[in-house]
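Enquirer: Numbering-wise (the numbering used here), the sequence shown opens with residue 64 and increments by one.
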Amino acid sequence: MGEKKRKEAAKSVFVFGKKNYKFMFIGIACIVLGFILMSGGGSDDPNVFNPDIFSWRRIRLAPMLVLLGFGIQIYAILLNPDKE
Numbered sequence: 064m065g066e067k068k069r070k071e072a073a074k075s076v077f078v079f080g081k082k083n084y085k086f087m088f089i090g091i092a093c094i095v096l097g098f099i100l101m102s103g104g105g106s107d108d109p110n111v112f113n114p115d116i117f118s119w120r121r122i123r124l125a126p127m128l129v130l131l132g133f134g135i136q137i138y139a140i141l142l143n144p145d146k147e
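Next comes the structure, spelled out in structure tokens:
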């Protein structure tokens, strides 16, 4: 009888709840999308300058999306899953 209670008490409990994981995946998706938006814009020929590397998407939008994703990650970690 004592062994049964000890096994019940030793059950593995997840640190985060379903809500936390949902926000974590949203944050990861924002970070990945930001890095995808930052990529590209280079030139195959090193002697040719491509001004597309200074586009609004690469300079403003993508870094803000990455920072937003990290903010969502922090929120997901600090979120209390038991609180309604």
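Every residue gets a Cβ at the ideal spot worked out from N, C-alpha and C, and that includes glycine.
1) Going by beta carbon distance, what residues of the same chain come within less than 7 Å of M101, once the five residues before and after it are set aside?
2) Given this structure, state the Cα-to-Cα distance separating V111 from S118, to the nearest angstrom.
3) Whole angstroms is fine: what's the gap from P114's alpha carbon to V76's?
4) When the distance is taken between beta carbons, is L128 closer than 8 Å to L96?
5) Leaving out the 5 sequence neighbours to the left and right, which residues in its chain are closer than 6 Å to I94 when beta-carbon positions are compared?
6) Tell whether a beta-carbon distance below 8 Å holds between G90 and P144.
Expert: If we stick to the structure as given:
1) R121 and A125
2) 17 Å
3) 53 Å
4) yes
5) V129 and G132
6) no
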